[in-house]
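Take a look at the structure set out below.
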Amino acid sequence: MADGQALDEVVTFTSDLIRIDTTNRGGGDCQERPAAEYAAERLAGAGLEPVLLERTKGRTNVVARIEGTDPSADALLVHGHLDVVPAEARDWSVHPFSGEIRDGVVWGRGAVDMKNMDAMILAVVRSWAREGVRPRRDVVVAFTADEEASAEDGSGFLADRHPGLFEGCTEGVSESGAFTFHDGAGRQIYPIAAGERGTGWLKLTARGRAGHGSKVNKENAVTRLAAAVTRIGEHEWPLRLTPTVRAALTELAVLYGIEPDLTDVDTLLEKLGPAAKLVEATVRNSANPTMLDAGYKLNVIPGEAVAFVDGRYLPGGEDEFRTTLDLLTGPDVDWEFHHREVALQAPVDSPTYAAMRAAVEEFAPEGHVVPYCMSGGTDAKQFSRLGITGYGFAPLKLPEGFDYQALFHGVDERVPVEALRFGVRVLDRFLRSV
124 MADGQALDEV VTFTSDLIRI DTTNRGGGDC QERPAAEYAA ERLAGAGLEP
174 VLLERTKGRT NVVARIEGTD PSADALLVHG HLDVVPAEAR DWSVHPFSGE
224 IRDGVVWGRG AVDMKNMDAM ILAVVRSWAR EGVRPRRDVV VAFTADEEAS
274 AEDGSGFLAD RHPGLFEGCT EGVSESGAFT FHDGAGRQIY PIAAGERGTG
324 WLKLTARGRA GHGSKVNKEN AVTRLAAAVT RIGEHEWPLR LTPTVRAALT
374 ELAVLYGIEP DLTDVDTLLE KLGPAAKLVE ATVRNSANPT MLDAGYKLNV
424 IPGEAVAFVD GRYLPGGEDE FRTTLDLLTG PDVDWEFHHR EVALQAPVDS
474 PTYAAMRAAV EEFAPEGHVV PYCMSGGTDA KQFSRLGITG YGFAPLKLPE
524 GFDYQALFHG VDERVPVEAL RFGVRVLDRF LRSV
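Numbering (this note's numbering) for the sequence shown: 124 to 557.
Right, dumping it as structure tokens:
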């Protein structure tokens, strides 16, 4: 089991990493290198030989390998990203890059997404070094840049340009799983991610006839774009159940003593109450308009108008997504992928999933572990190019009223100290067992 020093280090490391501002606004302005050097120093202190790699100056990734005792065993990837989304200090109760520890809680941007997991990984690895622990299978540790944008400088770069560092890796674990979800009725649910919807960020372009704003114009690009955006925003996508979501609905139904009727999913979701939040975003594809750009003067009709749409599609759902967008945009609006990544699915009957379940149940015996599919995406998408099956497993035991999912990219992001210590124990238990 992770030692007492690891339980203290995870708190210190989380706070320290938060204080290193790695804000990623997109456009390549982020500098992860100071955080990467911090992580590399602590890996080196555990006797490892971390490699620092950059596609772009300052956009630094760190990779290290812990050799296992069984050379014939498949390797396991454990990864976390170092960048964070922007935070406006005036909106926060504490400065978002203070890393302040107050009343048993660590505050700041990255506390749950995902410098907490980065700190857990470092704490476990260093604990193993002190104890002389070697895992059965090789464990590759990676800290990446650019996850909060395109991942081109991070996991995408590593997968495309440095695949040899991940030789033998068949499975990986990272963010957004094994956290406490309180259902409001006394149940504690621990969802483990075994899938992700694909990313289909779209650019829509409408073209028309430019002209004076006072004249009749039936070829108005803004009108054409607005009509397409409205159709997309109002579209009701059909129900599509993947194996992971089927398993999630079935296990939740059993937990609540409900007939798992998958022929009427909407009614089943209503019966699940608050627990439906774990599933409802992943029973369909989705497309949400998010940005508009048109015109340069009020009395001039522009010849072009542009919109951006955040699209997500389920495993096996990309063809339907494309066909539907063709219909919704119509003949006067073109669309293209601004950024595209695959949907993922991982087996929930694998030994690795069973080991994650067992590790959570050992330290949270009152909890109920269920699989789920993430509505968004992680670096697991890029690492899947190397044949690595990805799971979301960043364990945290959270008190009731602590809305973990709302804090992702939210104001006053924070994590309890005891949640971090729980995470170290569970992650250590899992990695030892596999």
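Every residue, glycine too, gets a C-beta built ideally from N, C-alpha and C.
Just so we're clear, the structure is a prediction, and the values are computed from it rather than from any experiment.
Quick check on DSSP: helix, strand or coil for S297? The residue labelled residue 297 in the question sits at position 174 within the sequence shown. Three-state result, S297: strand.
Short of 7 Å in beta carbon distance, which residues of its chain neighbour D455, apart from the five on each side in sequence? Order them along the chain. In the sequence shown, counting from the first residue as 1, residue 455 sits at position 332. Contacts found: A329, R347.
Please classify Q128 as buried or exposed, where buried requires at least 16 other C-beta atoms within 10 Å of its C-beta. Within the sequence shown, the letter at position 5 stands for residue 128. Burial is judged here by how many other beta carbons sit within 10 angstroms of a residue's own beta carbon; Q128 has fewer than 16 and is exposed.
Is DSSP giving Q154 helix, strand or coil here? For this step, residue 154 is matched to residue 31 along the sequence shown. If DSSP states are grouped into helix, strand and coil, Q154 belongs with coil.
Tell me whether P194 is buried or exposed, calling it buried when 16 or more other Cβ atoms sit within 10 Å of its Cβ. In the sequence shown, residue 194 corresponds to position 71, counting from 1. Per the 10 Å Cβ criterion, exposed.
Inter-residue spacing [alpha-carbon to alpha-carbon] between K338 and L327: As a position in the sequence shown, residue 338 is number 215, starting the count at 1. As a position in the sequence shown, residue 327 is number 204, starting the count at 1. Cα to Cα, K338 sits roughly 25 Å from L327.
By how many angstroms is the C-alpha of T512 removed from the C-alpha of V256? By 1-based counting over the sequence shown, the position of residue 256 is 133. By 1-based counting over the sequence shown, the position of residue 512 is 389. Between V256 and T512, the C-alpha separation is close to 25 Å.
Excluding the five sequence neighbours on either side, which residues of its own chain have a C-beta within less than 7 Å of the C-beta of H305, listed in chain order? To locate residue 305, count along the sequence shown from 1; it is residue 182. Closer than 7 Å at Cβ, skipping near neighbours: Q311, E523.
Touch check for the segment 346-362 and the segment 411-426: three-plus C-beta pairs under 8 Å? With contact defined as three or more Cβ pairs closer than 8 Å, the segment 346-362 and the segment 411-426 are in contact.
Quick check on S299: buried or exposed, where buried means 16 or more other Cβ atoms within 10 Å of its Cβ? On the sequence shown, residue 299 is found 176 positions in, with the first residue counted as 1. The residue in question, S299, is buried, as its Cβ has 16 or more Cβ neighbours within 10 Å.
With DSSP as the reference, please indicate the residues paired to I312 in a beta bridge. Translated into the one-based positions of the sequence shown, residue 312 becomes position 189. F304, H491, per the DSSP bridge assignment.
Go ahead and pull the three-state DSSP assignment for S556. Counting from 1 along the sequence shown, the entry for residue 556 is found at position 433. In this structure, S556 counts as helix in the three-state DSSP scheme.
Rounded to whole angstroms, what is the Cα-Cα separation between L171 and R188? For the purposes of this step, residue 171 is taken as the residue at position 48 of the sequence shown. For the purposes of this step, residue 188 is taken as the residue at position 65 of the sequence shown. If I take the Cα positions, the gap works out to 7 Å.
According to the Cβ coordinates, are R70 and L437 closer than 8 Å? Missing from the structure shown is residue 70; the chain here goes from 124 to 557 and no further.
Anticipated Cβ contact below 8 Å, A242 with L521, distance rounded: What you label residue 242 is simply residue 119 of the sequence shown in a count that begins at 1. What you label residue 521 is simply residue 398 of the sequence shown in a count that begins at 1. Contact flag wrong, Cβ pair sits at about 16 Å.
Selected residue, minimal CA-CA separation from C496, among D472, P366, A246, A478: Counting from one through the sequence shown, the residue named residue 496 turns up at place 373. For the options D472, P366, A246, A478, the alpha carbon positioned closest to that of C496 is the one of P366.
Outcome for Y419 when other beta-carbon atoms lying within 10 angstroms are tallied against a minimum of 16: The count along the sequence shown starts at 1 and reaches residue 419 at position 296. Result: exposed.
Where P412 sits in the DSSP three-state scheme: As a first step, residue 412 is located in the sequence shown; it is residue number 289 there, counting from the start. DSSP places P412 in strand when its eight states are reduced to three.
Based on DSSP bridge pairs, tell me the residues matched to R435. As a working mapping, residue 435 is identified with position 312 in the sequence shown. According to DSSP, which records beta bridges pairwise, R435 is partnered with T322, S409.
Since I believe V547 is in contact with V247 (beta carbons under 8 Å), could you give me their beta-carbon distance rounded to a whole number of angstroms? Within the sequence shown, the letter at position 124 stands for residue 247. Within the sequence shown, the letter at position 424 stands for residue 547. Right, their Cβ atoms sit about 6 Å apart.
Can you name the start and end residues of the alpha helix (DSSP H) that E441 belongs to? Numbered from 1 along the sequence shown, position 318 holds the residue referred to as residue 441. Counting along the chain, the alpha helix (DSSP H) containing E441 begins and ends at 441-452.
Which residues mark the beginning and the end of the alpha helix (DSSP H) in which G356 is found? If you number the sequence shown from 1, residue 356 lands on position 233. Unbroken alpha helix (DSSP H) run through G356: 344-357.
Which one of K180, G295, H202, I143 has the shortest CA to CA distance from C220? Within the sequence shown, numbered from 1, the residue matching residue 220 stands at position 97. Note that residue 220 corresponds to Phe in the displayed sequence, not to Cys. Checked all of K180, G295, H202, I143; the closest Cα to F220 is I143.
Buried or exposed: where does H94 fall if 16 or more other Cβ atoms within 10 Å of its Cβ makes it buried? No answer is possible for residue 94: it lies beyond the span of the chain, which begins at 124 and ends at 557.
Would you kindly check if the distance between the Cβ of V534 and the Cβ of D214 is under 8 Å? For the purposes of this step, residue 214 is taken as residue 91 along the sequence shown, with counting starting at 1. For the purposes of this step, residue 534 is taken as residue 411 along the sequence shown, with counting starting at 1. In this structure, V534 lies closer than 8 Å to D214 by Cβ.
Indicate the three-state DSSP secondary structure (helix, strand or coil) for N184 in the structure shown. The count along the sequence shown starts at 1 and reaches residue 184 at position 61. Three-state DSSP puts N184 in a strand.
Could you check if D226 is buried or exposed, using at least 16 other CB atoms within 10 Å of its CB as the buried criterion? Numbered from 1 along the sequence shown, position 103 holds the residue referred to as residue 226. Exposed, since its Cβ has fewer than 16 Cβ neighbours within 10 Å.
How would you write the range of the beta strand (DSSP E) that P539 sits in, first residue to last? Counting from one through the sequence shown, the residue named residue 539 turns up at place 416. Per DSSP, P539 belongs to the beta strand (DSSP E) from 537-539.
Smallest Cα separation from A125: which of R407, S250, R165? Taking the first residue of the sequence shown as position 1, residue 125 is located at position 2. Taking only the C-alpha atoms, the option nearest A125 is S250.
What are the partner residues of A417, as DSSP defines its beta bridges? Position 294 of the sequence shown, counting from 1, holds the residue named residue 417. Partner(s): A428.
Return the residue from the list A482, S278, L176, D442 that minimises the CA-CA distance to F545. The residue labelled residue 545 in the question sits at position 422 within the sequence shown. Out of A482, S278, L176, D442, A482 has the C-alpha closest to the C-alpha of F545.
Where S216 falls, given that 16 or more other Cβ within 10 Å makes a residue buried: As a first step, residue 216 must be located in the sequence shown, where it is residue number 93. So S216 counts as exposed.
Suppose the cutoff is 6 Å on Cβ atoms and the five residues either side in sequence are ignored; what does the same chain contact list for E560 look like? The structure shown does not extend to residue 560, since the chain is modelled only from 124 through 557, so no value can be given for it.
Give, in chain order, every unbroken run of the beta strand (DSSP E) that is at least 3 residues long and sits entirely within the segment 194-239. 198-204, 228-230
Where A344 and Q505 are concerned, what is the direct C-alpha to C-alpha distance, given to the nearest angstrom? The residue labelled residue 344 in the question sits at position 221 within the sequence shown. The residue labelled residue 505 in the question sits at position 382 within the sequence shown. In a straight line, the C-alpha of A344 is about 36 Å away from that of Q505.
Nearest to E484 (by Cα), restricted to the options V185, F302, D261, T192: As a position in the sequence shown, residue 484 is number 361, starting the count at 1. Residue F302 is the option with its Cα nearest to E484.
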